[in-house]
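Start counting the sequence shown at 1; every next residue gets the next number (full-length UniProt numbering).
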Amino acid sequence: MPTPIQILLIGAGELGAAFLPHLSALPNTHVSVGVRTPAKYQDLAPSNVSLIAMDITSPSTQLSQTFVEYDIVISATGFGQSPGSVTKLAKEVFTAGHLRSLMPFFGEQAEVRNLLRAEAEKSNVKWTIVSTGIFMSFLFEQFWGIVDHKSNPVPVLCSSPDRVVVRALRDWEQKVSVTDVADIGKVLTRVVAGDVEADNRIVYAAGDTVSYRELSEIVECVAGKEVKRVEWTIPHLEAELAKNPDDLINKYRLVFARDGVWWDKKGTVNHQLSIHTMNVEMYARELFAAQK
């Protein structure tokens with residue numbers, strides 16, 4: 001029997017937990033999950049999964065020595081990490097000289113992408129960025145502010161429990177790509193399995209790509225409630241960020257408004273491999289049905 005491929009999955013939050021069932025089902029693989037406190041995640045460890053203590057803020061020399069033991073390193077740390085953490089991680093993988101590093105495309109996009117392209121080959125690292133847009137669940141989270149679907153006592157936000165507020169970042173024709181975390185796990189597993197050409201490039205996933213106008217129409221239809229439409233223009237978002245320059249959510253709202261984070265679903269891995277994924281209407285129906 002060939003030696004099992006050793007996969008290191010960094011992080012076991014919403015994203016990592018969604019990856020794990022798909023990765024652990026791959027043949028001839030062993031998955032190790034790096035978390036700060038392994039005792040908290042014992043329920044995530046079937047027979048071919050190990051839990052190891054890992055802190056990505058540890059010294060780079062220590063982490064690089066850990067990475068040497070693995071064939072594939074997957075970062076599922078999310079976008080809420082401290083500035084520079086993903087770039088630090090990429091450099092540590094280079095030092096280890098791995099075969100492949102796959103990391104979801106969140107913060108530090110341009111810096112990490114440029115670093116991978118410039119340094120990976122001489123470090124004997126094959127890299128893949130899996131660009132997923134925003135999590136489907138985030139699109140409907142109250143803190144993100146795009147779909148305000150809960151009763152709110154502040155009149156300007158939601159004056160009636162029978163009304164939903166939908167906000168557009170920049171304008172109503174701006175688009176956004178969204179992917180459910182479970183579907184990201186499906187796509188990632190097919191990438192790791194080699195079912196799509198992904199070495200040294202960015203690949204894309206999307207359960208759906210919609211304009212904010214389309215989103216508001218879907219919400220209005222599915223919720224069966226009046227939708228109040230509010231446009232958050234770039235000047236408005238810049239002013240909000242100026243009030244609190246360290247607010248990560250405001251920073252990301254401005255990125256999504258200025259540059260847009262979207263792509264045609266026809267160019268995604270899930271479309272290419274005919275992977276069934278959840279779209280915005282399906283997710284909205286489940287969400288609003290649960291609230292009734």
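Don't be surprised by glycine CBs; every beta carbon is placed ideally from N, CA and C.
All figures in this text were calculated on a predicted structure; none of them were measured in a lab.
Would you mind working out which of L51, A76, G133 and K186 sits nearest K265, comparing C-alpha positions?
-> When each option's Cα is compared against that of K265, the closest is G133.
Under 8 Å by Cβ, that's how I've got L23 and I5 pegged, so tell me the actual separation to the nearest angstrom.
-> Taking a contact as a CB-CB distance under 8 Å, the pair L23 and I5 does not count as one, their CB atoms being some 10 Å apart.
Helix, strand or coil for I249 per DSSP?
-> helix
Return the first residue and the last residue of the alpha helix (DSSP H) that K243 is part of.
-> Unbroken alpha helix (DSSP H) run through K243: I234 to K243.
Under a Cβ-count criterion, where at least 16 other Cβ atoms within 10 Å of its own Cβ denotes burial, should I52 be classed as buried or exposed?
-> exposed
Among D199, T57 and A17, which has the Cα closest to the Cα of K40?
-> A17
Bounding residues of the alpha helix (DSSP H) (the contiguous stretch that carries K265) | Element bounds for K265: n/a, residue is neither H nor E.
Find out if the Cβ-Cβ distance for the pair I10, G34 is shorter than 7 Å.
-> yes
Is it true that the stretch 90-99 meets the stretch 57-64, where meeting means three or more beta-carbon pairs spaced less than 8 Å apart?
-> A contact exists between the stretch 90-99 and the stretch 57-64.
Rounded to a whole number of angstroms, what is the C-alpha to C-alpha distance between D171 and A289?
-> 28 Å
Count the other CB atoms, across all protein chains shown, that sit within 10 Å of the CB of L273; report buried if there are 16 or more and exposed otherwise.
-> exposed
Inspect the beta-carbon positions of W262 and Y204 and report whether they are closer than 7 Å.
-> no
If V187 and V280 are in contact, beta carbons under 8 Å, what's the gap, nearest whole angstrom?
-> Contact doesn't hold; Cβ gap of about 17 Å is too wide.
Please check the pair F256 and V176, which I expect to be a contact at CB under 8 Å, by giving their CB distance rounded to whole angstroms.
-> 6 Å
Quick one: give me the first and last residue of the alpha helix (DSSP H) that R170 is part of.
-> No alpha helix (DSSP H) holds R170; DSSP gives it neither H nor E.
Whole-angstrom distance between D199 and A223, CA atom to CA atom = Per the coordinates, the alpha-carbon of A223 lies some 42 Å from the alpha-carbon of D199.
Alpha-carbon spacing of E286 relative to V227, whole angstroms = Spanning the two alpha carbons is a distance of roughly 18 Å.
Helix, strand or coil: how does DSSP classify H30 here?
-> strand
Just reading off the alpha helix (DSSP H) that Q291 is part of, what are its end residues?
-> V280 to Q291
When the Cα atoms are used, what is the spatial distance from N152 to T189?
-> Low confidence applies here, because N152 scores a pLDDT of 49, under 50, leaving its location unreliable and the question unanswered by this model.
Would you check if the distance between the CB atom of residue 337 and the CB atom of W127 is smaller than 7 Å?
-> The displayed coordinates of the chain run from 1 to 292. Any statement about residue 337 would go beyond what the structure contains.
To which residues of the same chain is V49 closer than 6 Å at the C-beta, ignoring the five residues directly before and after it?
-> Cβ within range, chain order: S24 and V31.
Same chain, Cβ closer than 6 Å to W144, five either side skipped, listed in chain order | F138
Could you give the DSSP three-state label for P4: helix, strand or coil?
-> Residue state, collapsed to three classes: coil.
Supposed contact pair Q174 and G260 - C-beta distance, whole angstroms, cut 8 Å = 6 Å
From what residue to what residue does the beta strand (DSSP E) around A53 run?
-> V49 to A53
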